[in-house]
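J.: Each residue of the sequence shown is one higher than the one before, starting from 4 at the first, in our numbering. For glycine and all other residues, C-beta sits at the position ideal for the given N, C-alpha and C. A quick note: this is a predicted structure, and the numbers were derived from the prediction, not measured. One structure is given below, represented as structure tokens, and several questions about it will come after.
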Amino acid sequence: MNRPIPARLDSRAPDFTARLSALLAYEPAQDEAIERTVAQIVADVRKRGDEALLEYTRRFDRLEAACARALELPGDELRGALDSLAPADRDALQAAAARIRGYHERQLAHSWSYVDDDGTRLGQRISPIDRVGLYVPGGKAAYPSSVLMNALPARVAGVRELVMVVPTPDGVRNPMVLAAACIAGVDRVFTIGGAQAVAALAWGTETVPAVDKIVGPGNAYVAEAKRRVFGTVGIDMIAGPSEILVLCDGSTDPDWIAADLFSQAEHDEMAQAILLTPDAAFADRVAESIARLLPTMPRREIIERSLADRGAIVVVRSMEEACEIATTIAAEHVEISARDAGRWVDRIRHAGAIFLGPWSSEAIGDYCAGPNHVLPTMRTARFSSPLGVYDFQKRTSLIEVSGDGARTLGAIAATLARAEGLEAHARSAQLRVEAPRVRRESAAPERFDPIRPEIVEMSGYQVLAASGMIKLDAMENPYRMPPELRRALGEGLAEVAINRYPAPGHDELAQAIRERFAVPADAGLVLGNGSDELITMLAVAVARPGAVHLAPQPSFVMYELSARLAGSRFVGVALRADFSLDIDAMLSAIAAHRPAVVWLAWPNNPTGNAFAREDVEAVLAAAPGLVVLDEAYQPFAQDTWMQRLRDHERLVVLRTVSKLGLAGLRLGYLAAATRWTEQLQKVRPPYNVNVLTDAAARFALGHLDVLDAQAARIRAGRELLAQRLRELPGVEVFPSLANFVLVRVADSERTERGLRSRGLLIKDLGRMHPLLRNCLRLTVGTEEENRLLLGALRESL
4 MNRPIPARLD
14 SRAPDFTARL
24 SALLAYEPAQ
34 DEAIERTVAQ
44 IVADVRKRGD
54 EALLEYTRRF
64 DRLEAACARA
74 LELPGDELRG
84 ALDSLAPADR
94 DALQAAAARI
104 RGYHERQLAH
114 SWSYVDDDGT
124 RLGQRISPID
134 RVGLYVPGGK
144 AAYPSSVLMN
154 ALPARVAGVR
164 ELVMVVPTPD
174 GVRNPMVLAA
184 ACIAGVDRVF
194 TIGGAQAVAA
204 LAWGTETVPA
214 VDKIVGPGNA
224 YVAEAKRRVF
234 GTVGIDMIAG
244 PSEILVLCDG
254 STDPDWIAAD
264 LFSQAEHDEM
274 AQAILLTPDA
284 AFADRVAESI
294 ARLLPTMPRR
304 EIIERSLADR
314 GAIVVVRSME
324 EACEIATTIA
334 AEHVEISARD
344 AGRWVDRIRH
354 AGAIFLGPWS
364 SEAIGDYCAG
374 PNHVLPTMRT
384 ARFSSPLGVY
394 DFQKRTSLIE
404 VSGDGARTLG
414 AIAATLARAE
424 GLEAHARSAQ
434 LRVEAPRVRR
444 ESAAPERFDP
454 IRPEIVEMSG
464 YQVLAASGMI
474 KLDAMENPYR
484 MPPELRRALG
494 EGLAEVAINR
504 YPAPGHDELA
514 QAIRERFAVP
524 ADAGLVLGNG
534 SDELITMLAV
544 AVARPGAVHL
554 APQPSFVMYE
564 LSARLAGSRF
574 VGVALRADFS
584 LDIDAMLSAI
594 AAHRPAVVWL
604 AWPNNPTGNA
614 FAREDVEAVL
624 AAAPGLVVLD
634 EAYQPFAQDT
644 WMQRLRDHER
654 LVVLRTVSKL
664 GLAGLRLGYL
674 AAATRWTEQL
684 QKVRPPYNVN
694 VLTDAAARFA
704 LGHLDVLDAQ
714 AARIRAGREL
724 LAQRLRELPG
734 VEVFPSLANF
744 VLVRVADSER
754 TERGLRSRGL
764 LIKDLGRMHP
774 LLRNCLRLTV
784 GTEEENRLLL
794 GALRESL
């Protein structure tokens, strides 16, 4: 009689414990030949660097390269891979990335400190690892999910540089893997693999930079190499075979359970798939499903061997006992497929990931649920955790002892040091016991740093000095008012009473804005010192604990900056490769994070395009909080959502007069339902719009025809500039509805330097976001400025 596949166990049997122990027993094979080979490769790469790397790549991957630099893929190839994907594949990657990023953003740890009673400050600084290496299996296999799961937590943690290595045997490159690297924001990609790649990452070569930590899966040679370099660099883990443990009360379709067991068994013959159930009849039905479905599986032989050697269906006395056994097994993946799954979850103390309920298949967790699929195996869940943001952050203790603290703590430390026979330690502490007492009367008060740690770690909004330059970096109107209007404006400003505070409501200015820009009469209106202040006001108003701001990326940086300044969390959702809104990813992120505010720049800065109206409508329908349409570039798009305020109570329209030609006034306005504007007025700083701005803005709005004519001139200049840019070799021009044009060049840094050396200031966006790699933003200038820009650009490419 043939042995059943998988084996059938019963917890009531006297030999159950022994049989279960035998089933779980797994010792990774220590292949001496692999150890010797890896030791030789690692030592050789460490000694000879690029030369050895090229030799091993030629030998093992059959890949010829003239030099090690040729093994690095240009950023354009990653973007090209993303652009070339079928829409369904691209959408799936971007949706998965949004969920993974959103989940891991909740893991971010922050620095903290406190001051105790004697003035001693103690704290912990959280900082990202500087540089991380990511190993991705290559060849015919495609593991884009591995790229996302390893790279995105590192990005969320703030890792400064992410270096990916992926072998490409015979030069075969997998576009899904490269596309995932583009989405995840990988900085550099090298087509190398095996132990030689691990060694190159650990010690660096002339071309491959040394990293501080290496993560990612690989074969036995990669695992052994990671073992050997550990200590020189950190590693994530040495993973064992994949594992799944299903606890089912008999209420789930047995075909579902069979499929879940197959999902891990198909990884390799050593994978382990076990079912625990108190229902013997259900166990029979699952066995029947396995027998019926197994012949239909493409990887049948692997699944069959895995189930035969390491799989089992275990009939237990109760779900309580199933939980006890599950805790003993400490599996990588645990499914609780039961009517009341939440009832059992706390009874399972050890597991890499727990999937609750019949709808929670482990396969969803592998790809797109959000939590990481890099999980502890081989019972290590007893003491270790899934890969996460915390694996890419370092904790540094901070100790600042006060004078009073030195007296108390110094005496304690000296006593303990002498008890351990360490006199130098004792004297180091003792010397400080008496010294503070002598200077106590004249000593300055003990100080501490009152600034929030997350503020210290942030970068502020950067504006470059532009003296003597042709300024095409800030999306300003290049045209001034006609001389006669400037004279009239000057005469009017001379009459302004600058000795008095502004009128509290700015009623005349508000009425002028309503009339000139068709603000609905029943909408509320809030004025700000530029739209930036209005963004900050809104961020403050919604900053309840746990509040989330959500926006597509790349977009206006002030959305994220203001959210973080207010102590809220920001979630970015990557645009598609063509800069259109990834509506599926946006809706998934909205459902997952329930943001207080969704920010949509329309047209978008820095891409220049306006998102499809049907996509914006979908966001408005799905958002539980406010949706802000930032129409800073409305004069150039000539389209608006202002009249839709009556249709969408949670719609907020934000504008500035800066792009229209009044950037120096710093005036923005926000229109929304009065239930929102009444609350925003409470957080508006008093007198935030000064009297000169008020008077100058009212004057300018009285001559709006002049500004509108300038906007028309800029629109025409934009189209002509875009046409001329398309004629330049190696320049990709993106459509724009703003007063700037976004282009991609071969090397944005080099081109920006070339333009700056020729007296033109433009914006290099190449490092802002992976989708903007090698992109420049060019503000539309005067006809002469555009001519000079084209000439300088031609020389700088």
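Cutting at 6 Å between CB atoms, please list the residues of its own chain near M273, excluding the five before and the five after it.
T.: Against the sequence shown, residue 273 aligns to sequence position 270. Excluding positions up to five away in sequence, the list reads P244.
J.: Measuring straight from C-alpha to C-alpha, what distance separates N691 and V499?
T.: Taking the sequence shown and counting its residues from 1, one reaches residue 691 at position 688. Taking the sequence shown and counting its residues from 1, one reaches residue 499 at position 496. Roughly 17 Å separates the two Cα atoms.
J.: So, using beta-carbon positions, are E307 and L296 closer together than 8 Å?
T.: As a working note, residue 307 is residue 304 in the sequence shown. As a working note, residue 296 is residue 293 in the sequence shown. For E307 and L296, no; Cβs fall outside 8 Å.
J.: For N789, which three-state DSSP category applies?
T.: Here residue 789 corresponds to residue number 786 of the sequence shown, with the count starting at 1. Residue state, collapsed to three classes: helix.
J.: How is G197 classed by DSSP in three states: helix, strand or coil?
T.: To locate residue 197, count along the sequence shown from 1; it is residue 194. Correct three-state label for G197: helix.
J.: Roughly how many angstroms separate the alpha carbons of D133 and I195, rounded to a whole number?
T.: In the sequence shown, counting from the first residue as 1, residue 133 sits at position 130. In the sequence shown, counting from the first residue as 1, residue 195 sits at position 192. Their Cα atoms are separated by approximately 22 Å.
J.: Counting only the same chain and skipping the five closest in sequence on each side, list residues whose C-beta sits under 6 Å from that of A546.
T.: Start at 1 with the first residue of the sequence shown, and residue 546 comes out as number 543. Within the same chain, A546 has close Cβ partners A569, G570 and S571.
J.: Leaving out five residues before and five after E786 in sequence, what residues of the same chain have Cβ atoms less than 8 Å from its Cβ?
T.: Numbered from its first residue, the sequence shown carries residue 786 at position 783. Excluding positions up to five away in sequence, the list reads G720.
J.: Between the stretch 650-664 and the stretch 631-641, are three or more C-beta pairs nearer than 8 Å?
T.: yes
J.: Considering only residues of the same chain and omitting the five flanking positions on each side of D369, which have a CB-CB separation below 6 Å?
T.: As a first step, residue 369 must be located in the sequence shown, where it is residue number 366. H376, listed in sequence order.
J.: What residues in its chain sit with their C-beta under 6 Å from that of L775, if we drop five residues either side in the sequence?
T.: Here the question's residue 775 lines up with position 772 in the sequence shown. Counting only Cβ-Cβ distances below 6 Å, and skipping sequence neighbours, we find P557 and L768.
J.: What's the C-alpha gap between R39 and G234?
T.: The residue given as residue 39 occupies position 36 in the sequence shown. The residue given as residue 234 occupies position 231 in the sequence shown. Each residue's Cα considered, the two are about 19 Å apart.
J.: Specify, as a first and last residue, the run of the beta strand (DSSP E) that L657 falls within.
T.: Position 654 of the sequence shown, counted from the first residue, corresponds to residue 657. Here the beta strand (DSSP E) through L657 covers L654 to T659.
J.: Could you pull out every residue in the same chain whose Cβ sits closer than 6 Å to the Cβ of P17, ignoring the five residues on either side in sequence?
T.: Counted from its first residue, the sequence shown places residue 17 at position 14. Excluding residues within five positions, none has a Cβ falling inside 6 Å.
J.: Where does Y29 fall in DSSP's three states?
T.: As a first step, residue 29 must be located in the sequence shown, where it is residue number 26. Residue state, collapsed to three classes: coil.
J.: Starting from the Cα of D239, find the closest Cα among H336, H509 and L137 and give me that residue.
T.: Taking the sequence shown and counting its residues from 1, one reaches residue 239 at position 236. Comparing Cα positions, the closest option is L137.
J.: Contact check, A675 vs A526 under 8 Å by CB: the rounded distance?
T.: Start at 1 with the first residue of the sequence shown, and residue 675 comes out as number 672. Start at 1 with the first residue of the sequence shown, and residue 526 comes out as number 523. Contact flag correct, Cβ pair sits at about 6 Å.
J.: From the DSSP output, in three-state form, read off D708 for me.
T.: Along the sequence shown, read from residue 1 onward, the residue named residue 708 stands at position 705. Helix at D708.
J.: Hey, would you say T208 sits closer than 8 Å to A71, going by beta carbons?
T.: Counting from 1 along the sequence shown, the entry for residue 208 is found at position 205. Counting from 1 along the sequence shown, the entry for residue 71 is found at position 68. Contact flag set, yes.
J.: Please give the ranges of any beta strand (DSSP E) in the stretch 183-237, keeping only runs that are unbroken, at least 3 residues long and fully inside the region.
T.: For the stretch 183-237, whole beta strand (DSSP E) runs of length 3 or above, ordered along the chain, are 191-193 and 216-218.
J.: Rounded to the nearest angstrom, how far is the Cβ of L401 from that of S116, given a contact under 8 Å?
T.: On the sequence shown, position 398 is the one that residue 401 refers to. On the sequence shown, position 113 is the one that residue 116 refers to. Contact holds; Cβ gap of about 6 Å.
J.: Between the alpha carbons of L76 and R191, how many angstroms are there, rounded?
T.: For this step, residue 76 is matched to residue 73 along the sequence shown. For this step, residue 191 is matched to residue 188 along the sequence shown. Spanning the two alpha carbons is a distance of roughly 7 Å.
J.: E444 by DSSP, collapsed to three states: which one?
T.: Taking the first residue of the sequence shown as 1, we reach residue 444 at position 441. Residue placement at E444 is flagged as unreliable, the pLDDT there being 46, under the threshold of 50; the coordinate-derived value follows with that caveat. Residue state, collapsed to three classes: coil.
J.: Name the DSSP bridge partner or partners of V249?
T.: What you label residue 249 is simply residue 246 of the sequence shown in a count that begins at 1. For V249, which the question treats as bridged, DSSP gives the partners L278 and E338.
J.: Would the C-beta of A491 count as close to the ligand HEM, meaning under 7 Å from any of its heavy atoms?
T.: Among the ligands in the structure shown, none appear at all, so the ligand HEM cannot be discussed.
J.: How many Å lie between A112 and A160 at the Cα?
T.: Locating residue 112 in the sequence shown gives position 109, where the first residue counts as 1. Locating residue 160 in the sequence shown gives position 157, where the first residue counts as 1. Cα to Cα, the separation comes out at about 9 Å.
J.: Just the C-alpha distance for D581 and G373, rounded to the nearest angstrom, thanks.
T.: Position 578 of the sequence shown holds residue 581. Position 370 of the sequence shown holds residue 373. So the two alpha carbons sit approximately 25 Å from each other.
J.: Looking at P361 and W259, is the spacing between their C-beta atoms short of 8 Å?
T.: As a working mapping, residue 259 is identified with position 256 in the sequence shown. As a working mapping, residue 361 is identified with position 358 in the sequence shown. Yes.
J.: Which same chain residues end up closer than 7 Å to R678 when comparing Cβ atoms and leaving out the 5 residues on each side of it in sequence?
T.: Position 675 of the sequence shown, counting from 1, holds the residue named residue 678. Within the same chain, R678 has no close Cβ partners at all.
J.: Could you tell me the alpha carbon to alpha carbon distance between L584 and Q275, rounded to whole angstroms?
T.: Reading the sequence shown from its first residue, position 581 is the one you call residue 584. Reading the sequence shown from its first residue, position 272 is the one you call residue 275. Distance between the alpha carbons of L584 and Q275 is about 41 Å.
J.: Going by DSSP in three states, S558 sits in which element: helix, strand or coil?
T.: Here residue 558 refers to the residue found at position 555 of the sequence shown. In this structure, S558 counts as coil in the three-state DSSP scheme.
J.: What separation, rounded to the nearest whole angstrom, lies between the Cα atoms of Q267 and K662?
T.: As a working mapping, residue 267 is identified with position 264 in the sequence shown. As a working mapping, residue 662 is identified with position 659 in the sequence shown. Straight-line Cα distance between these residues: approximately 56 Å.
J.: Which partner residues does W602 have in the DSSP bridge list?
T.: Within the sequence shown, the letter at position 599 stands for residue 602. Per DSSP, V631.
J.: Under the assumption that L665 contacts A700 (Cβ atoms under 8 Å), give the Cβ distance between them as a whole number of angstroms.
T.: Here the question's residue 665 lines up with position 662 in the sequence shown. Here the question's residue 700 lines up with position 697 in the sequence shown. L665 to A700, Cβ: 7 Å. Contact.
J.: Which same chain residues end up closer than 7 Å to L488 when comparing Cβ atoms and leaving out the 5 residues on each side of it in sequence?
T.: Along the sequence shown, read from residue 1 onward, the residue named residue 488 stands at position 485. H706 and V709.
J.: In chain order, what residues of the same chain lie with their CB nearer than 6 Å to the CB of H336, ignoring the 5 residues before and after it?
T.: Here residue 336 is taken as the residue at index 333 of the sequence shown, counted from 1. Once the five neighbours on either side are set aside, the close Cβ partners of H336 are I247, A356 and E365.
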